[in-house]
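Residue numbers (this note's numbering), protein chains in the order written: chain C, 157 to 808; chain A, 527 to 793.
Don't be surprised by glycine CBs; every beta carbon is placed ideally from N, CA and C.
Since the structure comes first, as structure tokens, the remarks are kept for the end.
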């Protein structure tokens, strides 16, 4: 299906176009005072135009930046378009960032104009005002609590709109001229990447970048003006921005803004989106909620749920993929849909979902299959801010739990000898703002963008991302060693909380495993296994065997992947204490610090590779009150079965 | 504009009020006043007569002596034995120390009950629900939704109150009191039994109410930190008598107050 957007090469032109051809259709809804309030495309266009004139009257110039601080609100998106009408560049900032984090983007882009949602955001901007002398105009949307604010920089969104309406009535031609001056090559928006590694960088994207990618992905999925999206993730994140700004501007679909962060679930049920995005953590939280509620359900419901989920996990995925399934199973699945999957989808607010994406981090195969098995077309995609999101998408019928799909139209992909994924695409960003050094490092002379992600093509030509390039190593026989990939595979088991894989420049792979206390304790209770605490439980042979089963399942999986079959796990141990950020073993965001752990537990690593049966450890632990204590334990080192690559299918 | 500029003239004055239950003298000759838009706290040790004082102001108890003068709709009213529904119609609303909500009803319905006195159409019209009744209901719903939005309880709009945690129930009670669009709001220990975070939220909401709606607030509270932070003036009661009255700083330095709270050495 192709989407005709004619010669409209910028977002403001697209908005004019929609106001003409589907002026009466809903563009954006917001739940306010308990009622869904709708802006049609015509109203949206009117608001954006008036606001643009207001900004112009206040001296906003072509090429100037407009900071947007707030949640998904119609007015925020109107402000975004208003800036673009004048050839300005909206810079959405994370609404949950602390004030200090907002200072950098504002200083970096010398931003003079900002639109803030409410008092909370205004307070943050006022707090950093001394560091950001360029910031001269702050417009707030919600006047609540703003009565006593008398700073000269402040005025209300409403007053700006009023000013704009007057000036628009006086000189309607001015804005037409401004909009016509824009072209696809102009900068459409700037997104600051999170600064986990060094200072944030402003990613400059043009109208052409965003419109091209939005259009290609919309065509692939057949999106149209009847689709509905719930906008519930931060608008400063490129993904949300594409789903709630770029794509609706291309296809004309309607976006809905929830009432508050706490009402997202019920708002979603009311709206019934047809197109949905959720990062794995959201999907996981939803599934946990469902599981907990099922535990509390009556015996009958529980029985039906268990029985039909069994049917679904057997054939649900295949039915969704359109693969042949026996008539009995089809009948059972149909029944299950009637009694279980249908109502379940309804509770999740996903009854009408045609296309759902997940991305951002590795998703557990069981979690992924759960949603697909109950008939929700959940797929993975790959992309980043620098690529205007869409690089790879799994097409319908070719969905796998462990790949991100083949390249979408227009994207060229290849892997460098160091296994880094590099990309050429019409969606590739123009530059990092005021940072030619970083731009040059990321984008080479031939226009390839270096993603920093390592991976390879699987047998069907799907891209498989395994780790960050800087973490990937090699075994001594040259096999690729991707520690995070192995660790993630282990962590998908409920009994394993953390894992640390070793193997760079070594012959074989060994891992440390941290059991999940809650899950394993529960498991032990059901078996009437007495234990005195974490260390005791972790040292039990039964637990060792339990973990061994998990490790061997991972090995069987790995054997099926020729590229990394040799990185199967040969030996492992169950750690006697939980890895902890206080002991310097995890980062504050709970990522394992592999280097620090290898150093701290050097004797354990050596023992694993030395073939010893057990080893005595003493470790210092820090308690939360700052005291330190010693833990000592005898750890058993265990071998895990590995599989020859060819025999993998049978064993698995 | 600072807070001091906002506070207006006296709106309520309590003049030598005494209340006794048999031989128990709950209040003895208590006199104080409350100014418009003010945050006025009543504090005191257990059994000092704080709740009795509130109950006198909103007509639940009738004092044996003294009088209460209230400025409502621009005119002064003087009374000693007023019914509580009269008090409500004069613009006094309150919350209770132990929550008094309808547990089986949703948050929305509970807050709507706060509009009770503003409902004009007859029972019959309500039942048929045409014309005036319908218009009126929409109006009330809008007013209630604005309060729900103001107190950020949208996510529990349709939840039965009995299922809510304590802190949220307190907020719902505040919402119901606000639904009556009171000019004088009496809060009986709005932060009792709350954890720190809930207290902070509640403080913010109480301050916001005072600021946004301009409501005059009289509150009883045990948490000294809260009282000293948010109130403009504080009355201190002990054994039914007023022992101090003034700004938080004055009260804090008052020897009688320190004695009442910490006890006196009996030598």
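In DSSP terms, what residue i is bridged to
| i | result |
| --- | --- |
| residue 403 of chain C | DSSP output for residue 403 of chain C lists no bridge partner at all. |
| residue 484 of chain C | According to DSSP, residue 484 of chain C bridges with nothing at all. |
| residue 582 of chain A | Residue 582 of chain A pairs with nothing; no bridge assigned. |
| residue 223 of chain C | C/247, C/270 |
| residue 786 of chain C | C/776 |
| residue 765 of chain C | Partner(s): none; residue 765 of chain C has no beta bridge. |
| residue 666 of chain C | C/658, C/727 |
| residue 571 of chain C | C/577 |
| residue 748 of chain A | For residue 748 of chain A, which the question treats as bridged, DSSP gives no partner whatsoever. |
| residue 577 of chain A | According to DSSP, residue 577 of chain A bridges with nothing at all. |
| residue 629 of chain C | C/637 |
| residue 686 of chain A | A/632 |
| residue 646 of chain C | Per DSSP, none; premise fails for residue 646 of chain C. |
| residue 546 of chain A | A/551 |
| residue 312 of chain C | C/296 |
Whether residue i touches residue j by CB criterion (8 Å)
| i | j | result |
| --- | --- | --- |
| residue 348 of chain C | residue 358 of chain C | yes |
| residue 623 of chain C | residue 640 of chain C | yes |
| residue 715 of chain C | residue 801 of chain C | yes |
| residue 564 of chain A | residue 533 of chain A | yes |
| residue 144 of chain C | residue 727 of chain C | Because chain C here runs from 157 to 808, residue 144 of chain C falls outside it and cannot be looked at. |
| residue 546 of chain C | residue 372 of chain C | yes |
| residue 684 of chain A | residue 632 of chain A | yes |
| residue 200 of chain C | residue 212 of chain C | no |
| residue 403 of chain C | residue 374 of chain C | yes |
| residue 706 of chain A | residue 598 of chain A | no |
| residue 732 of chain A | residue 570 of chain A | no |
| residue 593 of chain C | residue 335 of chain C | no |
| residue 259 of chain C | residue 287 of chain C | yes |
Residue i (DSSP reduced to helix, strand or coil)
| i | result |
| --- | --- |
| residue 197 of chain C | helix |
| residue 592 of chain A | strand |
| residue 623 of chain A | coil |
| residue 536 of chain C | strand |
| residue 164 of chain C | coil |
| residue 604 of chain C | coil |
| residue 757 of chain C | coil |
| residue 424 of chain C | helix |
| residue 185 of chain C | strand |
| residue 520 of chain C | coil |
| residue 679 of chain A | coil |
| residue 288 of chain C | coil |
| residue 552 of chain A | strand |
| residue 747 of chain C | coil |
| residue 807 of chain C | Note that residue 807 of chain C scores a pLDDT of 41, beneath 50, so its modelled location is shaky and nothing firm can be said. |
| residue 836 of chain C | Only positions 157 to 808 of chain C appear in this structure, which leaves residue 836 of chain C out of reach. |
| residue 569 of chain A | strand |
| residue 599 of chain C | strand |
| residue 216 of chain C | coil |
Chain-ordered chain A contacts of residue i [CB-CB under 8 Å]
| i | result |
| --- | --- |
| residue 419 of chain C | 680, 681 |
| residue 416 of chain C | 678, 680, 681 |
Closer than 9 Å at the beta carbon, the chain A residues around residue i
| i | result |
| --- | --- |
| residue 794 of chain C | Those within 9 Å of residue 794 of chain C in chain A number zero; the least Cβ separation is about 45 Å. |
Contact set between residue i and chain C, taken where Cβ atoms lie within less than 9 Å
| i | result |
| --- | --- |
| residue 738 of chain A | 300, 301, 303 |
Cross-chain neighbours of residue i in chain A, by beta carbon under 7 Å
| i | result |
| --- | --- |
| residue 428 of chain C | Result: empty, since nearest Cβ-Cβ is about 18 Å, beyond 7 Å. |
Neighbour list for residue i in chain C, Cβ cutoff strictly below 7 Å
| i | result |
| --- | --- |
| residue 668 of chain A | 189 |
| residue 734 of chain A | 301 |
| residue 672 of chain A | 189 |
Partner residues on chain C for residue i, Cβ-Cβ distance less than 8 Å
| i | result |
| --- | --- |
| residue 675 of chain A | 188, 189 |
Contact between the stretch 264–276 of chain C and the stretch 290–298 of chain C is defined here as three or more beta-carbon pairs at a separation below 8 Å; is this criterion met? Yes, since at least three Cβ pairs between the stretch 264–276 of chain C and the stretch 290–298 of chain C fall closer than 8 Å, the two stretches touch.
Stretch pair the stretch 628–637 of chain C + the stretch 719–730 of chain C: three plus CB contacts closer than 8 Å: Taking a cut-off of 8 Å on C-beta distances, the stretch 628–637 of chain C touches the stretch 719–730 of chain C, as three or more cross pairs fall below it.
On the three-pair Cβ rule with 8 Å, is the stretch 157–170 of chain C touching the stretch 386–395 of chain C? The count of Cβ pairs closer than 8 Å, one atom from the stretch 157–170 of chain C and one from the stretch 386–395 of chain C, stays below three, leaving the stretches out of contact.
Do the stretch 530–550 of chain C and the stretch 581–589 of chain C make contact, defined as three or more Cβ pairs closer than 8 Å? Taking one beta carbon from each stretch, the stretch 530–550 of chain C and the stretch 581–589 of chain C have 3 or more pairs nearer than 8 Å; the two touch.
Could you check whether the stretch 467–475 of chain C touches the stretch 522–534 of chain C, counting it as contact only if at least three pairs of C-beta atoms, one from each stretch, sit closer than 8 Å? By the Cβ rule, the stretch 467–475 of chain C counts as touching the stretch 522–534 of chain C, because three or more pairs are nearer than 8 Å.
Does the pairing of the stretch 731–738 of chain C with the stretch 773–787 of chain C give three or more beta-carbon distances under 8 Å? Contact between the stretch 731–738 of chain C and the stretch 773–787 of chain C is present, because at least three Cβ pairs lie under 8 Å.
Check whether the stretch 492–506 of chain C touches the stretch 452–466 of chain C, taking contact to mean three or more Cβ pairs, one atom from each stretch, closer than 8 Å. Segments in contact, yes.
Does the stretch 318–327 of chain C touch the stretch 192–207 of chain C, meaning 3 or more C-beta pairs lie closer than 8 Å? The answer is yes - the stretch 318–327 of chain C touches the stretch 192–207 of chain C, with three or more Cβ pairs under 8 Å.
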